[in-house]
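Below is one structure, written out as structure tokens; comments come after it.
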Amino acid sequence: MTNKGGIVVSVPPRSSTTRSGFSATSSGSAASSDGATGGPCRFCGAELRHTFVDLGMSPLCESYVEASRVNAMEAFYPLRVYVCEQCFLVQLQEYVTPEDIFTEYAYFSSYSDSWLAHCRDYVDMITERLQLSADSLAVELASNDGYLLQWFVQKGIPVLGIEPALNVAEVAEGKGVPTLTEFFGAELASKLVGEGTAADLIIGNNVLAQVPDLNSFVAGIATLLGPEGVVTIEFPHLQQLVEQNQFDTIYHEHFSYFSLVSAERIFAAHGLRIFDVDELWTHGGSLRIYACHTANERLGESAALAAVRARELEAGYADITTYSVFEARARETKRKLLEYLIAAKRAGKTVVGYGAPGKGNTLLNYCGIRTDFLDFTVDRNPYKQGRYLPGTHIPIHSPDRIAEVEPDVILILPWNFKDEIIEQLAYARSWGAEFVVPIPEVTIY
Ligand SMILES: [Zn+2]
Numbered sequence: 002m003t004n005k006g007g008i009v010v011s012v013p014p015r016s017s018t019t020r021s022g023f024s025a026t027s028s029g030s031a032a033s034s035d036g037a038t039g040g041p042c043r044f045c046g047a048e049l050r051h052t053f054v055d056l057g058m059s060p061l062c063e064s065y066v067e068a069s070r071v072n073a074m075e076a077f078y079p080l081r082v083y084v085c086e087q088c089f090l091v092q093l094q095e096y097v098t099p100e101d102i103f104t105e106y107a108y109f110s111s112y113s114d115s116w117l118a119h120c121r122d123y124v125d126m127i128t129e130r131l132q133l134s135a136d137s138l139a140v141e142l143a144s145n146d147g148y149l150l151q152w153f154v155q156k157g158i159p160v161l162g163i164e165p166a167l168n169v170a171e172v173a174e175g176k177g178v179p180t181l182t183e184f185f186g187a188e189l190a191s192k193l194v195g196e197g198t199a200a201d202l203i204i205g206n207n208v209l210a211q212v213p214d215l216n217s218f219v220a221g222i223a224t225l226l227g228p229e230g231v232v233t234i235e236f237p238h239l240q241q242l243v244e245q246n247q248f249d250t251i252y253h254e255h256f257s258y259f260s261l262v263s264a265e266r267i268f269a270a271h272g273l274r275i276f277d278v279d280e281l282w283t284h285g286g287s288l289r290i291y292a293c294h295t296a297n298e299r300l301g302e303s304a305a306l307a308a309v310r311a312r313e314l315e316a317g318y319a320d321i322t323t324y325s326v327f328e329a330r331a332r333e334t335k336r337k338l339l340e341y342l343i344a345a346k347r348a349g350k351t352v353v354g355y356g357a358p359g360k361g362n363t364l365l366n367y368c369g370i371r372t373d374f375l376d377f378t379v380d381r382n383p384y385k386q387g388r389y390l391p392g393t394h395i396p397i398h399s400p401d402r403i404a405e406v407e408p409d410v411i412l413i414l415p416w417n418f419k420d421e422i423i424e425q426l427a428y429a430r431s432w433g434a435e436f437v438v439p440i441p442e443v444t445i446y
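Heads up: the sequence shown begins at 2 in the numbering used here, then just goes up one per residue.
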């Protein structure tokens, strides 16, 4: 069994059927029901034998297609997710390197009002809690366009952004956020420490999932963090993903999906101790974990941390059989969404999308929804307007197009912002449009 603090590097071969019903081959080498394995676990190295969900073949969900490329070939990769039976890290193989994905990244964090408000609240809270001042240093890993660090800059607190995507890093620099355009890991952390950098606060929002070399990344955090420093990391909570049926939040850019139980193991293996957690509404339900050096005894474990951990253990997130039920629900959601859309099209209705988020691309590719169902989608991000969704090649327009076309049905793809979007589109009620949200189940508003 897994040793709680350490990294497990070898797994004894199993010769009999496991509890979840996946059988191992007679040779003892690991295999799931169709003989495929997921390679070694990104954290502990155990062979991945249990499929969490197989969403078929899909293109990279952020690779929006330019008009001139719409008739060109497009790369599709398996979107098959495994769960490690040793450390319970849910994960995808790395089919593409982060260099392919993140050097020109289409996701500008600053295009959602509620997300920006969330970040501003965080900066106020953490500045107060850690008593940050002009003598402190806040470092953000994957600092994007400076959407968050800008609020520290306004308070006069020194910051450093680390962001590999050149195009978004340039926007950050324009906001007065000093930004290193590099990938973060153990090597960069050592280099920064060698130059005299020590962080009082390290922030990682929605980046942990996107790190192929998880051990190097977390080791780098431990290196860069000052002795009394605190790291806060936000990630979508696996328990929410499962319970809210959020299979569309799985995409190639997200290599790992964390429970608190799996995150604690990974941090502990690198000398970091999680001491508190906030449960957040963002991205369909996230955790914000607070960690410090294991040697730092000033920060005691919070009641919230004990409660989330107990809830996960109660729900079975440290038991491999818990993970085997997810795929059937994804398939059922696909059938229900297609039933709804087929009925709408048979009734002669005009159906369009709202939003062009990564999650929409997983959903549409998995369900096989193209312009046969959705005439177009719209997005506030000008980078995406005029391009086409990857794989499905649904055109992306400006949100103004909705008022021009007056569609009967608006399918909201970024369902995590559904309230905000339905409010923004309230005018569509005047011609009787209905709003449909696909997740956790097909619901008409
Ligand atoms: Zn593992």
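The C-beta atom is built at its ideal place from N, Cα and C for all residues, glycine as well. Being a predicted model, the structure only gives us computed values, none of them experimental.
1. Please specify which runs of the beta strand (DSSP E), each continuous and at least 3 residues long, are wholly inside the segment 221 to 292, giving them in chain order.
2. List the DSSP bridge partners of Met126.
3. Where does Phe374 sit, in a helix, a strand or coil, going by DSSP?
4. Sort out for me which residues DSSP pairs His51 with in a bridge.
5. Quick check: what's the CA-CA separation for Val71 versus Asn145?
6. Nearest CA to the CA of Asp122: which residue from Gln151, Ala304, Ala429?
7. Looking at the strands, I want to know which residues DSSP matches up with Val353.
8. Where do the N-terminal and C-terminal ends of the beta strand (DSSP E) with Leu93 fall, by residue?
9. Keeping to the same chain, check which residues put their C-beta closer than 6 Å to that of Ser303; ignore five residues upstream and five downstream.
10. According to DSSP, is Thr198 helix, strand or coil?
11. What first and last residue would you give for the alpha helix (DSSP H) that runs through Ala73?
12. Can you tell me the Cβ-Cβ gap for Ile204 and Glu141, rounded? I've got them flagged as a contact below 8 Å.
13. What number of angstroms, rounded off, separates the C-alpha of Ile423 from the C-alpha of His398?
14. Going by Cα to Cα distance, which pick from His271, Phe259, Arg299 is closest to Arg289?
15. Does any heavy atom of ligand 1 sit closer than 7 Å to the C-beta of Phe44?
16. Using the three-state DSSP reduction, which class does Phe327 fall into: helix, strand or coil?
17. Along the beta strand (DSSP E) that carries Ala139, what are the first and last residues, could you check?
18. Checking the sheet assignment: what are the DSSP bridge partners for Leu181?
19. Would you give the residue range spanned by the beta strand (DSSP E) that Val154 belongs to?
20. Under a Cβ-count criterion, where at least 16 other Cβ atoms within 10 Å of its own Cβ denotes burial, should Leu167 be classed as buried or exposed?
21. So does Gln87 have its beta carbon nearer than 7 Å to some heavy atom of ligand 1?
22. Leaving aside the five residues before and after Ala429 along the sequence, list all residues of the same chain whose C-beta is less than 7 Å from its C-beta, in chain order.
23. Around the Cβ of Gln132, are there at least 16 other Cβ atoms within 10 angstroms (buried) or fewer (exposed)?
24. Straight-line CA distance for Ile275 to Glu235?
25. By alpha-carbon positions, which one of Tyr291, Pro358, Leu181, Glu75 ends up nearest to Gly147?
26. In this structure, does DSSP put Tyr389 in helix, strand or coil?
27. Residues in its own chain within less than 6 Å of Leu93 by CB, not counting five upstream and five downstream?
28. Rounded to whole angstroms, what is the Cα-Cα separation between Thr363 and Asp136?
29. Apply the 10 Å Cβ neighbour rule to Gly1 and answer buried if 16 or more other Cβ atoms are within range, or exposed otherwise.
30. What is the DSSP secondary structure of Thr322, counted as helix, strand or coil?
31. If you run the structure through DSSP and keep just helix, strand and coil, what is Asn216?
32. Compare the C-alpha of Thr128 against each of Ile267, Leu202, Glu229 and name the closest.
33. Is Ala47 near ligand 1 - that is, is its Cβ less than 7 Å away from at least one heavy atom of it?
34. Return yes when at least one heavy atom of ligand 3 lies under 7 Å from the C-beta of Leu261, else no.
35. Measuring straight from C-alpha to C-alpha, what distance separates Ala307 and Arg330?
36. Do Val84 and Tyr324 have their CB atoms nearer than 8 Å?
This is what the structure holds:
1. 226 to 237, 273 to 281
2. Met126 pairs with nothing; no bridge assigned.
3. coil
4. Val84
5. 28 Å
6. Gln151
7. Ile411
8. 91 to 93
9. Asp277
10. coil
11. Element bounds for Ala73: n/a, residue is neither H nor E.
12. 4 Å
13. 18 Å
14. Phe259
15. yes
16. helix
17. 139 to 142
18. Ile163
19. Taken as a continuous stretch (DSSP letters only), Val154 belongs to no beta strand (DSSP E), being part of the alpha helix (DSSP H) at 150 to 155.
20. exposed
21. yes
22. Ile403, Ile411
23. exposed
24. 12 Å
25. Leu181
26. strand
27. Val82, Phe256
28. 44 Å
29. Residue 1 is absent from the structure shown; the chain starts at 2 and stops at 446.
30. helix
31. helix
32. Leu202
33. yes
34. For ligand 3, the structure offers nothing, since it holds only ligand 1.
35. 29 Å
36. yes
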